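Undergrad: Residue numbers for the sequence shown follow numbering that gives the first Met the number 0, so the first one is 0 and each next one is one higher. Glycine residues also receive a C-beta, built at the ideal position from the N, C-alpha and C atoms. Note that this is a predicted model, so its numbers are computed, not measured.
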Amino acid sequence: MDSSFSSYRKSFSTNVWHILSWILYAGGAGPVATANMGVFVPLVIMKNAHINGFLRRDHTIPCFSFPDEPCSVRVLHSIWIDTGSILFAAFAFSNLLQLCLMTGVGVVCDYGNYRRYILHLCVLVGSISTIILPWLPASLFSLQLVAFLAIDLSFIIAQSCYDSFLPILLRYYPVSNTPYTLESAIQNETSSIGNASSSEESIVNSENEEEYLNEQSLILNESAPPVDAEEEDKSRIAARLSSVGFSCFFGSAILLQLCLVPLLYKATPDSSLIPIAITVCGTWWLLLSNPLCLFVKLPNDNHTTNPLWKIILNSTKESYHSLQHAMSILPIRLFLFSRLFINCGLQTTLTSAIIIGKSRLNLSNFQLALLGMGISLFALVGTIILPYLTEYFRLTNLQTVIIIAMILPLAPMYGMLGFLPGFDGGMCTAADIFRTTIFVSFLLGGAHSFCRSVYSQLIPHGKETRFFALYSLISQAGVFFGQISLTIITSMTPDPGAVYAFIMVVMILPLPFLWLMYKHTKSTHLS
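Written out as C-alpha cells, the structure is:
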C-alpha cells in the first residue's frame with residue numbers, strides 16, 4: 000500500500016457533510032423506489048401493454064375491441080405474456096440481470112474510488128431512463144420495457160453501493176472522550192461491524208479468507224470479550240440512527256405524493272400528470288445524489304495498482320471465494336436464507352397489491368396513487384416507531400427481525416381466507432387492499448432497517464461493498480423467485496387467492512432459519 004493512500008486513510012474523519020450527503024441520497028432515491036417504480040411507472044407500462052395487446056383467445060383482435068376479456072402482449076417478436084403479468088415478468092428479468100452483475104460490481108467497488116464512480120454511473124443511467132420513459136410513444140412499447148429494465152437495474156446496483164457507505168462512515172467517525180451521546184454511540188457501533196484495527200494490510204488470500212472473516216467480525220469471533228450493558232445501549236441507539244436513512248427515504252416520497260395525489264383526483268386517465276411525476280422523480284434522484292457521488296471521497300482498505308480491466312477480470316473469482324467462505328459460516332448462511340424469503344414476501348406483496356388492484360379491482364389512478372402514498376407513509380411510521388418499541392421492550396436487532404417475520408404471514412393469510420368457501424372477508428374489495436397493504440407497509444421499513452443492522456454486524460472491514468452486494472444478490476434472488484412464480488400463477492389462473500397462498504408460504508419460510516440463527520449465535524449483540 001503506498002504511503003499517500005495510507006496517509007489519507009489515517010487522516011480521514013467522518014464529518015457532518017458526509018452523513019448529510021448520505022441522507023440526501025436517501026431522500027433522492029425514495030420517490031424513485033416507492034412512488035415511481037411502485038406506482039407511476041407500472042401504470043404507464045400496464046396502460047401501453049393494453050394498447051399494444053391482443054385478446055388471449057385470438058392474437059389478431061386488439062384488446063380495445065373487447066376491453067373486459069383477458070389480453071396478451073407480444074415481446075421479443077415471439078413471446079406472448081398476459082398484460083396483467085407483464086410487470087411480474089419485467090421485474091423477474093431485471094432481477095436475473097442483477098444476479099449476473101451484482102457480485103462482480105461489488106468486488107470492483109471495494110477498490111479505490113470505484114464505489115463512488117459506479118454509484119454515479121448507475122444514477123446517471125437510471126435517472127435519464129426515468130426522465131425518458133414516460134414520453135416514449137405507446138408504439139415503442141419494447142423500448143419502454145428496456146428503459147424500465149435500465150431504471151430497475153441501475154437503482155438496485157446503486158442501492159448496494161449506497162448501503163456500503165454506511166459502515167465505512169461509522170468506522171471513521173472521530174473518537175472522543177465526551178460524555179455518552181448519540182454521536183459517541185456511532186463510534187461504538189463500529190466495533191460490531193468489524194475490528195477497526197490499525198493494521199494496514201486487509202487484502203487476504205482466498206485460502207485464509209474464512210479465518211479473516213471470523214476474526215474481523217465481532218459476531219463471528221467467539222473469543223471476543225462480551226459487551227457490557229452500556230455498549231448494548233449504544234448499539235441500540237446506533238441501530239436507531241441507521242433508520243434515519245430509511246425515514247428520509249420514505250419521507251421524501253410522501254412529500255412528493257402529497258403534492259401529486261390531490262391533482263390526480265380530478266385528472267383524466269390520459270392526463271400528462273403521471274409522466275410529469277415520473278420525470279420529477281428522475282430529476283430529483285439525479286440532483287440529490289450529487290453530493291454523495293461527487294464529493295464524498297472515502298478511504299478504502301483495499302488499495303490496488305491493478306488496472307480496472309484486471310479487477311473486473313478477477314472479480315468473479317473473488318466473488319466466488321467470498322460467497323463460498325461466507326456461506327460456510329452458519330450465522331451468515333442462516334441470515335441470508337432468511338433475508339431471501341423476507342424480501343421476496345415483502346416485495347411480491349406490495350407489487351401484487353398494485354397490480355391486482357388495477358387489473359382485478361379496477362382501481363383508478365387516484366386510488367392507486369393514494370395506495371402508494373399509504374405505503375410510503377406507514378413505512379415511514381414503522382421505521383420511526385419500531386426502534387423505540389425495540390428499546391422499550393429491550394429487544395435485540397435479531398429478536399426484532401424474528402418478531403416481524405412472525406407477524407408478516409398474517410397479511411396474505413387474511414387475503415387467502417376471503418377466497419375459501421365458507422369464509423367472509425379477505426382481500427376482495429378496494430378497502431381490503433388498503434387495510435392489508437398498510438399493515439404490511441408498517442412492518443416494511445422496520446424489516447429492511449433491522450435486517451441491514453444485523454447484517455452490518457457480520458461483515459468485515461475492507462469488504463463492505465462485496466458483502467452488501469452478496470446481501471443484495473440474495474435479496475434480489477428472492478424477488479426473482481417471487482416475480483417468476485407470480486408470472487406463472489397469474490398466467491394460469493385469474494384467482495388472486497392463489498397469489499396470496501404463495502405469498503403466505505414464502506413469508507413462513509424465514510422463521511426456521513431465524514430461529515436456528517438465534518439458537519446458535521454466541522454474541523450478545525444479536526441474541
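Our contact map puts V107 next to I311 with C-beta atoms below 8 Å; I'd like the distance itself, whole angstroms only.
TA: Along the sequence shown, read from residue 1 onward, the residue named residue 107 stands at position 108. Along the sequence shown, read from residue 1 onward, the residue named residue 311 stands at position 312. Indeed, because the Cβ distance is near 6 Å, the residues count as touching under 8 Å.
Undergrad: Is DSSP giving S251 helix, strand or coil here?
TA: Walking along the sequence shown from the start, residue 251 turns up at place 252. Note: S251 maps to helix in three-state DSSP.
Undergrad: Looking only at C-alpha atoms, which of F418, A25, Y413 and Q475 sits nearest to T436?
TA: Your numbering for residue 436 matches position 437 in the sequence shown. The shortest Cα separation from T436 among F418, A25, Y413 and Q475 belongs to Y413.
Undergrad: Run through DSSP, which three-state label would C70 get?
TA: Translated into positions along the sequence shown, residue 70 becomes position 71. The answer is strand: DSSP assigns C70 an E or B state.
Undergrad: Looking at G445: is its Cβ nearer than 8 Å to the Cβ of F249?
TA: Translated into positions along the sequence shown, residue 445 becomes position 446. Translated into positions along the sequence shown, residue 249 becomes position 250. Not a contact, by the Cβ cut-off of 8 Å.
Undergrad: Determine the contact status of L259 and A368, defining contact as a CB-CB distance below 8 Å.
TA: On the sequence shown, residue 259 is found 260 positions in, with the first residue counted as 1. On the sequence shown, residue 368 is found 369 positions in, with the first residue counted as 1. Going by C-beta atoms, L259 is nearer than 8 Å to A368.
Undergrad: Once the 5 residues before and after L262 are set aside, which same chain residues still bring their CB inside 8 Å of it?
TA: Taking the sequence shown and counting its residues from 1, one reaches residue 262 at position 263. Counting only Cβ-Cβ distances below 8 Å, and skipping sequence neighbours, we find L272.
Undergrad: Kindly indicate the opening and closing residues of the alpha helix (DSSP H) around D151.
TA: On the sequence shown, position 152 is the one that residue 151 refers to. From DSSP, the alpha helix (DSSP H) with D151 extends over F140 to R170.
Undergrad: Let's test the definition: count the other Cβ atoms within 10 Å of the Cβ of H519 and tell me whether it reaches 16, buried, or not, exposed.
TA: For the purposes of this step, residue 519 is taken as the residue at position 520 of the sequence shown. Exposed, because fewer than 16 other Cβ atoms sit within 10 Å of the Cβ of H519.
Undergrad: Please name the residue in D81, V122 and Q346 whose C-alpha comes closest to that of L286.
TA: For the purposes of this step, residue 286 is taken as the residue at position 287 of the sequence shown. Among D81, V122 and Q346, the Cα nearest to that of L286 belongs to V122.
Undergrad: When you compare only the Cα positions, how much space is there between A378 and L442?
TA: Taking the first residue of the sequence shown as 1, we reach residue 378 at position 379. Taking the first residue of the sequence shown as 1, we reach residue 442 at position 443. Their Cα atoms are separated by approximately 7 Å.
Undergrad: For I403, which of helix, strand or coil comes out of DSSP?
TA: Position 404 of the sequence shown holds residue 403. Here I403 sits in helix by DSSP.
Undergrad: Who are the near neighbours of F500 in its chain, counting only those whose CB is closer than 6 Å to its CB and skipping five residues on each side?
TA: As a first step, residue 500 must be located in the sequence shown, where it is residue number 501. One detail in the question is off: residue 500 reads as Ala in this sequence, not Phe. Excluding positions up to five away in sequence, the list reads M415.
Undergrad: Quick one: grab the DSSP three-state call for L599.
TA: Not covered by the structure: residue 599. The range shown for the chain is 0 to 526.
Undergrad: Which residue's Cα is closest to the Cα of P495: S351, P420, P511 and T382?
TA: The sequence position of residue 495 within the sequence shown is 496, counting from 1. Closest by alpha carbon: S351.
Undergrad: Enumerate in chain order the residues of its own chain whose CB-to-CB distance from F480 is below 7 Å, with the five nearest sequence positions on each side excluded.
TA: For the purposes of this step, residue 480 is taken as residue 481 along the sequence shown, with counting starting at 1. These residues qualify, in order along the chain: C343.
Undergrad: If we ignore side chains and look at the alpha-carbon of each, how far apart do V31 and L148 end up?
TA: Within the sequence shown, numbered from 1, the residue matching residue 31 stands at position 32. Within the sequence shown, numbered from 1, the residue matching residue 148 stands at position 149. Distance between the alpha carbons of V31 and L148: 14 Å.
Undergrad: Let me make sure I understand the geometry here. Which of I353, Y454 and F433 has the alpha-carbon closest to that of V400?
TA: As a working mapping, residue 400 is identified with position 401 in the sequence shown. When only C-alpha atoms are compared, the closest one is Y454.
Undergrad: Taking the alpha carbon of Y319 as the reference point, which residue from G103, T278 and M503 has its own alpha carbon closest?
TA: The sequence position of residue 319 within the sequence shown is 320, counting from 1. The shortest Cα separation from Y319 among G103, T278 and M503 belongs to G103.
Undergrad: For G26, collect the residues of the same chain with a Cβ closer than 6 Å to its Cβ; drop the 5 residues on either side in sequence, then sort them by chain order.
TA: Locating residue 26 in the sequence shown gives position 27, counting from the first residue. Here the set comprises C247, S251 and L287.
Undergrad: Could you tell me the distance, in whole angstroms, from the CA atom of K357 to the CA atom of S363?
TA: Along the sequence shown, one-based indexing puts residue 357 at 358. Along the sequence shown, one-based indexing puts residue 363 at 364. C-alpha separation (whole angstroms): 7 Å.
Undergrad: Please state whether DSSP places D431 in a helix, a strand or coil.
TA: Here residue 431 refers to the residue found at position 432 when the sequence shown is read from its first residue. Helix, per DSSP.
Undergrad: List the whole-angstrom C-beta distance separating F90 from D151, where the pair is believed to meet the contact cut-off of C-beta under 8 Å.
TA: Counting from 1 along the sequence shown, the entry for residue 90 is found at position 91. Counting from 1 along the sequence shown, the entry for residue 151 is found at position 152. Right, their Cβ atoms sit about 7 Å apart.
Undergrad: If you pair each beta-carbon of the segment 477-493 with each one of the segment 376-393, do three or more pairs fall below 8 Å?
TA: No: the two stretches stay apart, fewer than three of their Cβ pairs being nearer than 8 Å.
Undergrad: Per DSSP, which one or two residues make a beta bridge with W134?
TA: As a working mapping, residue 134 is identified with position 135 in the sequence shown. DSSP output for W134 lists no bridge partner at all.
Undergrad: Which of the three DSSP states, helix, strand or coil, is assigned to L469?
TA: Working through the sequence shown from its first residue, we reach residue 469 at position 470. Looking at L469 - three-state DSSP - the assignment turns out to be helix.
Undergrad: Tell me the DSSP secondary structure of I328 in three-state form.
TA: Working through the sequence shown from its first residue, we reach residue 328 at position 329. Reduced to three states, the DSSP call for I328 is coil.
Undergrad: In this structure, how does DSSP classify I487 when only helix, strand and coil are distinguished?
TA: The residue given as residue 487 occupies position 488 in the sequence shown. DSSP places I487 in helix when its eight states are reduced to three.
Undergrad: Look at the alpha carbon of A430 and the alpha carbon of L329, and state the distance between them as a whole number of angstroms.
TA: As a first step, residue 430 must be located in the sequence shown, where it is residue number 431. As a first step, residue 329 must be located in the sequence shown, where it is residue number 330. Cα-Cα distance, rounded: 43 Å.
Undergrad: Taking all protein chains shown into account, decide if L293 is buried (16 or more other Cβ within 10 angstroms of its Cβ) or exposed.
TA: Translated into the one-based positions of the sequence shown, residue 293 becomes position 294. Classification for L293: exposed.
Undergrad: How far does the beta strand (DSSP E) with I80 in it extend, from its first residue to its last?
TA: Position 81 of the sequence shown, counted from the start, is the residue given in the question as residue 80. Residues I78 to D81.
Undergrad: Please return the same chain residues whose Cβ sits closer than 8 Å to the Cβ of S474, not counting the five positions on each side in sequence.
TA: The count along the sequence shown starts at 1 and reaches residue 474 at position 475. Answer for S474: R338, L339 and N342, listed in chain order.
Undergrad: Determine the closest residue to I18 out of H76, L297, A146 and N305, with distance taken between C-alpha atoms.
TA: As a working note, residue 18 is residue 19 in the sequence shown. Checking every option, the nearest Cα to that of I18 belongs to L297.
Undergrad: With DSSP run on the structure shown, which of helix, strand or coil describes F65?
TA: For this step, residue 65 is matched to residue 66 along the sequence shown. DSSP places F65 in coil when its eight states are reduced to three.
Undergrad: State buried or exposed for Q323, treating a residue as buried only when at least 16 other CB atoms are found within 10 Å of its CB.
TA: Here residue 323 corresponds to residue number 324 of the sequence shown, with the count starting at 1. When all chains shown are included, Q323 counts as exposed.
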